[in-house]
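This report concerns only the one structure given below.
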Amino acid sequence: MLKVSSGVSRFLNQMSNMTFSKCEIFVSAESLEIIAMAATHSNSAIRKTENLKKLLEIYEMLGEEEDVVNPSNELIKEGHILKLAARNTSAMDRYLFLFNNMLLYCVPKFSLVGQKFTVRTRIGIDGMKVTETYNEDYPHTFQVSGKERTLELQASSEQDKESWIKAFQETIHIYLQKNETFKSAFKDVEEVTDLKISELGKRAPRWIRDNEVTMCMRCKEAFNALMRRRHHCRACGYVVCGKCSDYKAPLEYDGNRMNKVCKDCNSILTGNIDSEEREGKKKGILEIEAAQFSGNSIMCGFLQYCEKNKPWQKVWCVIPQKEALVLYLYGAPQDVKAQSTIPLLGYQVEDILRPTDPPASFRLSQSKSVHSFAAESEELKQRWLKVIRMAVTGEEPESPEDNHSTEITQEPSSNGV
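In terms of the UniProt record's numbering, the sequence shown has 247 at position 247, counting the first letter as 1, and numbering is strictly consecutive.
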């Protein structure tokens, strides 16, 4: 392909240094058009040959078990990636082959001769969505959601993550354009854990990890190791208790096999749902989900918290953009109900350390009410104080620079707390 293109370029350079009569110019232009057309066809043929050669290589790497050798298939991107487990915080080595019409999610196999993989899942580009996610333990994460399965993946670096997301976005965009169904595949703000009622059971959900919640996401009762354990709804991906997951319903994405679902999804999937429940009841001030606020917050992140003489505990703190004068305290980033709220207006801010205070701590006091907090570092403490000092005076604070990328990846140390 390079030979054909470079040959045409050399020909053009030579022509620019020569003098011609009008007749010769006409003939040369006509000839050049024919040559350029031939070069285009040659380049296209070479690209198809190179693509077919690559497809054959992939076919061999997949143990000659996957039907990928098709002229309509075009490899867009491939590479190693880490898959985050839904039930725990482990990350597993995986390999992705992204084509123009599908994604092959593979597991590496031991081989003495070249790379070998086993295809775990084939996800169609039709209906696929990709979203950047934020994980306090694992940086550079993003989510790929298809009709067949939803994957939460971790790239090796921020640059690698952006490269993957860009490849997915461009592939989906082109696919939808070719199929005349482009409807804006990506939105600026999207709740990635919630599926629309129309998609429930038709698309594999992203499972909320166990350590991201401290209470049942349906009845809001706290989990414990003995009496109230964690279960996952196969329809919406929520973490729920045994009582709220004691239902089964057929799910289209799993071949209409019966799966464990929560009570809300069971009502929707079986048709037994009233209009009040479908539209959603009005929520109390504590019943706003942490994830709903964290994505649109002025400040959010983990802090150690102590009230009166109670022991210190780690809490997920959020100052939402819509309620910039209120501090919400959650047990975990995906909890569906806040433990408490602190209306910041009128509070006194104290950041002078007392002998018993842990490092990087500060206090909010009003009358006999005292709330103590401790950040991971002095820098984070000052960022929180900058926002809180504005809020206590009634002035709506602005989001500090790079809040999201820094705050939620920091976790307060328990040293001295």
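C-beta: ideal position from N, C-alpha, C; glycine also.
- Each of ASP335, SER90 and PRO108 was checked against the Cα of VAL119, and the nearest Cα belongs to PRO108.
- Contact annotation: the stretch 145-152 does not touch the stretch 64-77, with fewer than three C-beta pairs closer than 8 Å.
- Taking all protein chains shown into account, ALA85 has fewer than 16 neighbouring C-beta atoms within 10 Å of its C-beta and is therefore exposed.
- For PHE168, there is no enclosing beta strand (DSSP E); the residue is found in the alpha helix (DSSP H) stretching over 158-178.
- A buried status is given to LYS381, since no fewer than 16 other beta-carbon atoms sit within 10 Å of its beta-carbon.
- A straight-line Cα-Cα distance of about 7 Å links ASP210 and ARG230.
- Residue pairing by DSSP places MET299 opposite ILE319 in a beta bridge.
- The straight-line gap separating the alpha-carbon atoms of ASN259 and GLU65 is approximately 29 Å.
- Contact check for SER297 and PRO333: beta-carbon distance about 11 Å, past the 8 Å limit, so the pair fails to qualify.
- Closest in C-alpha terms to PRO359, from the list GLU398, PRO311, THR341 and LEU303, comes LEU303.
- Separation of the CB atoms of ASN266 and TYR238 is rounded to 12 Å, and the pair is thereby denied contact status at 8 Å.
- The beta carbons of VAL318 and TYR328 sit about 5 Å from each other, so the pair counts as a contact at 8 Å.
- Under the 10 Å beta carbon count, VAL113 is surrounded by fewer than 16 other beta carbons and is classified as exposed.
- When LYS161, GLY331 and ASP357 are compared, the shortest CA-CA separation from PHE223 is found for GLY331.
- The stretch 99-108 makes no contact with the stretch 155-164: fewer than 3 CB pairs, one atom from each, lie closer than 8 Å.
- Taking a contact to require three or more Cβ pairs closer than 8 Å, the stretch 195-208 and the stretch 136-150 qualify as touching.
- Counting only unbroken stretches of 3 or more residues, the beta strand (DSSP E) elements lying wholly within the stretch 234-261 are 247-251 and 257-261, in sequence order.
- For GLU379, the uninterrupted alpha helix (DSSP H) segment begins and ends at 378-391.
- In this chain, the alpha helix (DSSP H) harbouring CYS265 covers 263-270.
- ASP357 carries a coil assignment under DSSP once its states are collapsed to helix, strand and coil.
- By the neighbour-count criterion, in which 16 or more other beta carbons inside 10 Å mark a residue as buried, PHE110 falls on the exposed side.
- Nearest C-alpha to LYS220 among VAL68, ARG383 and LYS337: LYS337.
- Cβ-Cβ distances below 7 Å link LEU269 to LEU200, GLY201, ALA235, ALA249 and VAL261 in the same chain, with the five nearest sequence neighbours on each side left out; the list follows chain order.
- The three-state reading of DSSP puts ARG218 in coil, since its state is none of H, G, I, E or B.
- Within the model, the alpha-carbon separation for THR393 versus TRP316 is close to 23 Å.
- Under a 10 Å Cβ-count criterion, THR356 is classified as exposed, with fewer than 16 other Cβ atoms of the shown protein chains found around its own Cβ.
- Collapsing the DSSP output to three states places GLU152 in a strand.
- In this structure, GLN313 is the residue among PRO343, GLU378, GLU398 and GLN313 with its C-alpha nearest to the C-alpha of SER372.
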